[in-house]
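Protein chains in written order, with the numbering used here: chain A, 161 to 454; chain B, 8 to 384; chain C, 10 to 568; chain D, 3 to 207.
Everything below concerns the one structure shown next.
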Amino acid sequence: MNAQDSHQDPDSAQSEVETVRVMGAHDANVIPAPTSAPIIFAFGTTLLFAGLVTNWFVSAVGVVCIAKGVLGWWSDVLPRESVEEIPEESYLLIDTGPEPHEASKHLDSATPGRVVLPIEIPRIRSGIIGGLAGGTAMAVVALVWGAINFSVWMPVNLLAAMVLSSYDTFDAASLEQFSISGLFTALGIHLSMSVMVGLVLAMILPMAINFPRVFSIIVAPVTWSLVTYAAIGVLDPTLERWVNWYWFVGSQVAFGAVAGFFIARSERIQTIQYLTPAERLGLERSREQDGGGR
Amino acid sequence: MTERGRTSDKVITRAWWILIVTTVMVGGLGLFLMYILGGQIEVGDPIVERFTPTDIFVQPDAEWNTSVLEPGSPETREIRKLTWLVFAITAGIFVVVEGLLIYAIFRYRRRKNDSEAKDPVQLYGSNPVEIAWTIIPIIIVFVLCLATIRTIQTVQPTKNERPENALTVEVIGHRWWWEFRYPELDVVTANEMFIPVDRPIWLEISSADVIHSFWVPELQGKMDAFPGHLNYWKLTAEEEGTYLGQCAEYCGNQHANMLIRVEVLDALDFGSWAKRQAQPADVATGKDVLLGREVFLKYACQNCHAVAGLSNGTYAPDLTHLMSRVTFAGGMIPNNADNLKAWIDDPEQIKPGCDMPALKLSTEEIEQVVAYLVTLK
Amino acid sequence: MTVLPKPTSASLSSSPQQGILERVHDWVTTADHKKLGMLYIFSGLFFFLIGGIEAGVMRWQLVSPANDVVGPITFNQMFTMHGTTMVFLVGMPVLLGFGNYLIPLMIGTRDMAFPRLNAWGFWMFLFGGLLLYFSFIGSSGLFGTKGAPDVGWFAYAPLTSRTFNRGNNVDYWILGILVSGFGSMATGINLVVTILCLRCKGMTLMRMPIMVWSMLVTGFLVMIAIPVLTAAQVMLLFDRFLGSHFFDPQLDGSALLWQHLFWFFGHPEVYILIIPAFGFVSEIVPVFSRKVIFGYTMMVIALVWIAFQSMSVWAHHMFAVGLDPSLNAFFAASTFLIAIPTGIKVFNWLGTIWGGRLVFHTPMLYALGFIGMFVIGGLTGIMLATVPFDWDVSDSYFVVGHFHYVLFGGTIFAIFGATFYWFPKMTGRMLSERLGKWQFWILLFGMNLTFGPMHVSGILGMPRRIYTYAPDRGLDLWNMLSSIGYVFQFIAILFFGWNVVQSLIKGRKAGNDPWDAWTLEWATTSPPADWNFNPLPDVKSRRPLWDAKHPEDPDYEYE
Amino acid sequence: MANQTDHHALPREEHHLSKGKVGMSCLIITESFFFMAFIVAYLYYIVIMQVDDGGPDPKDLFYLDWMVYVASICLFSSSATVVFAAKALARGAHDKFRSWLFITVVLGGLFIAATAMEWIGLIGGKGIWMDTCSFGTCFFSLVGFHAFHVCFGLTALSLCLVLSLLGKFPTMQAERFEVLSWYWHFVDTVWIFVFTTVYILRVYT
Ligand code: HEA
Ligand code: HEA
Ligand code: CUA
Ligand SMILES: [Cu+2]
């Protein structure tokens, strides 16, 4: 333990232990000893700055305090921390029970008092696929409407007008033109909306609704259309000007029907939520890796 | 096994119903509000009159209205549509969340006959429910983003989007008054901005000292006035009348008294106003008036104030047509001889901390200089 | 539950017959995280009273139009000192103080990672705060002008330059906050290191109480945000003392750069003020619902998400400065996104009380009040993030309403909740429930009466930071209401003060675990011994005390 | 025995990170953000805005003569030598430790000397200082803070050297020294950024 001259001692095993004691001694039976160094140091620093707005003399006093604080601090931690031993008595009031020896139970085989909801969910993927499929169906309906009445680019541009406010002033002829920015904007909006709505449907349909078909083919599209109807003046005045509401509802229904179909078909899987992200990323050992688990 | 099945089934069903009711309520409530308040209906429509809560937002006995919900230009009208949308959405969410909270507080409080020891079912969470209440807000936020982006595009001009027939006004913030310059008309005035109705106004906003912010709520949102660079803003007034505004960025002592008055005139009146303003008004006659003019020149007045044809200080408000304005000192007091006397005697009394010094004029000199000032029509 | 033999004396160093000097000496030389934590909380609450009185001066001045209680200069000093105090000398220290006190207890260790640095951090904060307040008497400076700083809590350039502020008051603002900023950085680092390195046996990251997670995230935010403020303040100091021109537009500096730097700090800062509050609520709600927290994992993810997101939204405070439209759009979108993780947290709290068996002790009242009020503030935040609407109401009382709902209804409510919840642990005595409930209801009413009408006056066109307004603008009623609300708040806070004093002297003895709670701090004595635990605990789940209390049905079987 | 299935009782080493190392990493993050602000200011005024206030164009000032190169090389190589020193100390090879540490200190000292020369040239020779122009403002604060950090690191390293010469720097301090060397690496890394912004970007744009 004569650390003072251990630098002459090439025995690294010994020094390893010492290192741990110096740097990470939090489980040793000691607590840091009281010290006046920090307050003196802090006071000095404050005075140092306060000197700027008062008098250089204040700063000078500050420097002296800082020096005293720093030296005091050093002598507190070097060559090793000054600490107080703690008594042997026990200060822990709990006993968290025996070490669990077998693999732990899982919530899916849980007793009544414990639940994770619901035990099985559809694959998240099914929501995405359903959304994309539904989105395609919806787009087809919209394009057909466009092709019959204007050109196929009409619905695309109308959707893009949600962001591109310059379209507000366009006439039908310009809106029938192909525009690359219109295409990408519309695609972006359409894709993200489809996927998100698909996901929500996937979460809701299989478990919550006793009449999923009715919900996805009628209730949801109608609700959605109504909301759109109310807000369209703000969201997309261009669309408001040209839209045909029958076709609009039709396209929503197409979405609901197709997305609902895909979601209903999907298999259910067991929920995996009691695997923590840290475990999934391998940051901490999981029960699988420990050989426990399912 | 059956036991467990039943418990969790019950909780599942209940949890799902929360979610569905939530969604439907947001949808329903939002629907209702959007329909009523949204862009569907133009102002003046009886439905709006009947249902909007604007009643609180108009100032009942106010001489001027500065409510942001009373649009007076196409720009603010555009903004107001978005405002109602976001009002409706947040109001819907508000009702739902607070409703659920209050419901839960009453429904799940511990009753008298609940035994202390018995703990409720330990419910750890639920992936699908959590996914749902992540995605639904994402959808809402997505829609809000799109609406916001399009309104920004419509309302905010960039440097080279100056409308062709626009009238340019250079707005310069000073501590604590506003300077308005009309480069095309060769007019300079202070605190009171005159503009023609129905013609786009192109504002080039800047500051002579610290940051200010130009804000006339009924005509346009605010735009900061920075020293050292120009900000561009545009507005079109739709009705003649007086609009009140105020500096909206803290700029020191008298930030509170840095008011703006916008007078909207019809094209003809505006034309004659501009013509009058472009000419000097310094046509002093009469003994007191001439003496007053001397005083104005003798004391430092002329170093700070410009009077066309007499002095050209730029530090302080241009006084060339002082009496064509209804108020002075940053719009805080009515413009009349008595107030002017009090002001010149000791500005500190009226506007504490302001940048005009008391020049210690004798009562006589004050009388004279004010006699001169009131000729500046 | 196996209760091990009761310890007798709770402290090494303090014997019962200590003179006042020895006791003071004990406190100023302490390196014990619990004492420092209490010092933090106590000084923070003290500054809260000062800041609250400053608010009172403002409300008095604004109670009626064209009022003449204090002049513009005093008023401007009041809101500057009020804002600065509440943010830097109340919010941060109290929250960090609770972190200091609780983190080592919650993760089952004996002290912070760097106990002396911890003490230094506290003293830096305190001296910094005192330096700031010294400006009231000390800043007449060379030119004999002014007293306390009067530039607003975000001190926009170039108002802060020598040209426009000749006395030393701005210097006091810079230096006071600079000094206490160093302290905060030290404490932030200390929290992160403690949490990452000193967890007891079995305390994996995903078993830490949400409160510990929130402090970890806060620590990171402090490490990232405060240095940027420090750098900006140093630049300003250079401008004022060495004549450099970072922020002087007359000399090709940029007033905008200050805003970018300040808000790059400022927005994370407001999350530094709310995330620990989220932590408190996440501890209190489950205990008084008698249920495990709903969706622990998502709660953690949401915290981290909020922290990251908060670094990319700063320019939403600058929508009116004339940024490029595309930048405005970007920052609006980024700001909206924060609603999602925050929503997750709100819904998960609802999920926690859903199906619980709610017990309405005072801490729970505050936690529920927090949820209710914070949602209001959050939703007005969303409205502000809508750029065009922000052009309308930015820098108006609508904003003042927004941030008081999140700061008062959020942070301060959570702080009161936490005080009622952990006071027994810290002092061994309960606060009076009766007084506590009175305080809660009066405060809830008072704060809504104060801050609710501010939204209206903002919409009616009342800018913030004005010391007076004209009588004919329809603002009278709303300001009157706000000021009346202040009186209610004042009374409520008096209740609190009385409650604390009363309970310290003759409060009911608390026992070690008065709320029948589940986290580790309740597994030691109240107040804890200097060394917290002996031996150090060994946990197997997120709720070690649940395991101990229900050996037949422990948590670790399921997590 | 239970090790296979017992995932609850993680062995302590599992999450036992070193306080010193984590603490230093945190300090480095904090400091990086501090420097970031100054680098942003420099980029903003000098590289992006190219403020023209009569101040000198950095192009004319830094002809990238051998001094800047040599100083940078000194600083960068000192990062290597400090590693050798730390390794030596961990092995208990105290003589080697001292020599490597000495070289490090010398290299750092050379860097500071070069900075000082440059400053003397700018202030004394060209009359440029913080208050003369935007360039002075940004340059002196950024480079100054970096130099300040180098000095701080140098002081710490020299102290270690002195202690070691006095025989008061035992092997058990190896981890502390390693942590200190991280700080030194950080100071070097900052120089990479400073060098790029100040000397490369502006001079070659
Ligand atoms: C604790 C502090 C705190 C917190 C948490 C917040 C949270 C938020 N703030 Fe606030 N803010 C301040 C403190 C805070 N703020 C302060 C002090 C100022 C003024 C500074 C000054 O100028 O002096 C300010 C100013 C401010 C502005 C600038 C206004 C201006 O000056 O013009 C903006 C603009 O975007 C804003 C937005 C937001 C948003 C979007 C949130 C979001 O984080 C809110 C998220 C929460 C919710 C949305 C509610 C819960 C969510 C749900 C129920 C889910 C469903 C919701 C949706 C789908 C929308 N804040
Ligand atoms: C955590 C933050 C926080 C808190 C808690 C508060 C609390 C309060 N705030 Fe403040 N406020 C801010 C943060 C906060 N504020 C910020 C950041 C600003 C912006 C500043 C700026 O613009 O620069 C601001 C600005 C601000 C303004 C706008 C000023 C302006 O723009 O002109 C107003 C106006 O009414 C106001 C009022 C209040 C009131 C009435 C309270 C009340 O809730 C206060 C309640 C407290 C009490 C009632 C204390 C009671 C005291 C006692 C009981 C003492 C008795 C004891 C003794 C005598 C020893 N605040
Ligand atoms: Cu100008 Cu406020
Ligand atoms: Cu913000």
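C-beta: ideal position from N, C-alpha, C; glycine also.
Boundaries of the alpha helix (DSSP H) harbouring Thr-459 of chain C: 442-468, taken from the DSSP string. Taking the Cα positions, Phe-408 of chain A is about 25 Å away from Met-363 of chain A. Placement of the Cβ of Leu-529 of chain C at a distance of 7 Å or more from every heavy atom of ligand 2 is found.
Not one heavy atom of ligand 4 falls within 7 Å of the beta-carbon of His-350 of chain A. Among the CB atoms of chain B, one or more fall inside 8 Å of the CB of Leu-359 of chain A. Between the segment 343-359 of chain C and the segment 413-429 of chain C there are fewer than three inter-stretch CB-CB distances shorter than 8 Å, so the stretches are not counted as touching. Taking 7 Å as the cut-off, one finds no heavy atom of ligand 4 near enough to the beta carbon of His-464 of chain C. Contact between Leu-29 of chain D and Ile-198 of chain C holds, with the beta-carbon distance rounding to 6 Å and staying under 8 Å. In the DSSP assignment, Val-290 of chain B falls outside any alpha helix (DSSP H) and carries neither an H nor an E. Rounded to whole angstroms, Trp-527 of chain C and His-326 of chain C show a C-alpha spacing of 41 Å. By the C-beta density criterion, Tyr-71 of chain D is exposed, having fewer than 16 other C-beta atoms within 10 angstroms.
Counted as a single uninterrupted DSSP element, the beta strand (DSSP E) harbouring Glu-245 of chain A occupies residues 243-245. The count of Cβ pairs closer than 8 Å, one atom from the segment 458-474 of chain C and one from the segment 484-498 of chain C, reaches three, so the stretches are in contact. Of B:Leu-317, B:Ala-323 and B:Val-377, the smallest CA-CA separation from Asp-345 of chain B is found for B:Val-377. Exclusion of Glu-171 of chain B from the 7 Å shell around ligand 3 follows from its C-beta lying no nearer than that to any non-hydrogen atom of the ligand. The beta-bridge partner set that DSSP reports for Thr-196 of chain B consists of B:Phe-187. Taking a contact as a CB-CB distance under 8 Å, the pair Phe-422 of chain C and Tyr-375 of chain C counts as one, their CB atoms being some 5 Å apart. With a 10 Å radius around the Cβ and a threshold of 16 neighbouring Cβ atoms, Phe-217 of chain A comes out exposed.
With three or more CB-CB distances shorter than 8 Å, the segment 257-264 of chain C counts as touching the segment 232-245 of chain B. Thr-420 of chain C has its Cβ nearer than 7 Å to a heavy atom of ligand 2. CA-to-CA, the gap between Cys-311 of chain B and Pro-364 of chain B works out to about 11 Å. Taken from the Cβ of Ser-331 of chain B, every heavy atom of ligand 1 lies 7 Å or farther away. Not one beta carbon of chain C lies nearer than 8 Å to the beta carbon of Leu-324 of chain A. Within the segment 533-548 of chain C, those residues whose Cβ lies closer than 8 Å to any Cβ of chain A are, in chain order, Thr-533, Thr-534, Pro-537, Ala-538, Asp-539, Trp-540, Asn-541, Phe-542, Asn-543, Pro-544, Leu-545, Pro-546, Asp-547 and Val-548. Residue contact with chain A for Pro-167 of chain C: absent (no Cβ-Cβ distance below 8 Å to any residue of chain A).
Around the Cβ of Met-119 of chain D, a 10 Å sphere holds fewer than 16 other Cβ atoms; the residue is exposed. Residue contact with chain A for Leu-89 of chain B: present (Cβ-Cβ distance below 8 Å to some residue of chain A). About 23 Å separates the Cβ atoms of Ser-74 of chain B and Pro-207 of chain B, ruling out a contact at the 8 Å cut-off.
Exposure of Arg-425 of chain A is indicated by the presence of fewer than 16 other C-beta atoms within 10 angstroms of its C-beta. Taking the C-beta atoms as reference points, Gly-294 of chain A is found nearer than 8 Å to Val-418 of chain A. Restricting attention to B:Glu-168, B:Leu-92 and B:Gly-360, the CA atom closest to the CA of Arg-182 of chain B is found in B:Gly-360. Closest option to Trp-240 of chain B, judged by alpha-carbon separation, among B:Ala-111, B:Pro-78 and B:Glu-82: B:Glu-82.
Using a 10 angstroms sphere on the CB of Phe-371 of chain A, the tally of other CB atoms stays under 16, which defines it as exposed. In this structure Phe-97 of chain C is in contact with Ile-186 of chain C, their Cβ atoms being roughly 6 Å apart against a cut-off of 8 Å. Residues of chain C with a Cβ closer than 7 Å to the Cβ of Ser-331 of chain B do not exist, since the nearest Cβ in that chain sits about 22 Å away. Counting only residues whose CB is nearer than 7 Å to a non-hydrogen atom of ligand 3, the list in chain order is B:Gly-180, B:Arg-182, B:Trp-183, B:His-219, B:Ser-220, B:Cys-254, B:Ala-255, B:Glu-256, B:Tyr-257, B:Cys-258, B:His-262 and B:Met-265.
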